[in-house]
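In the working numbering, the protein residues as written are 11 to 96. Note that CB positions come from ideal geometry on N, CA and C, so glycine has one too. Since the structure comes first, as structure tokens, the remarks are kept for the end.
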Amino acid sequence: MQTESVEQIPRLQDTELGKPLAPVQKANWVENASLFWDSRRVFARVAGTVFVLSILVALLLPKEYVSGARIMPPEQGGILQRCLPH
């Protein structure tokens, strides 16, 4: 297996501008929390709307429950005859 040094690996180029692509940076939790906090009213409004709509759907759906029962005749011989030795 042959390995190449970092200098030998060609860099990715932006095809339109001919400039190297910017390195991908990981967003940290502070930036994510700040973004969430800035749009908290939108999130609260959407969550409230979904909550109200789900309650309405749950209350408006018809209540359906189908059950059935059959009474079976007793088995021949009963339980005691099967358990006792012959």
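Residue i, DSSP secondary structure in three states
i, result
"Glu41", "helix"
Start-to-end residues for the alpha helix (DSSP H) that takes in residue i
i, result
"Val60", "Arg50 to Leu70"
Cβ-based neighbour list, residue i, same chain, cut-off 6 Å, excluding 5 preceding and 5 following
i, result
"Leu63", "none"
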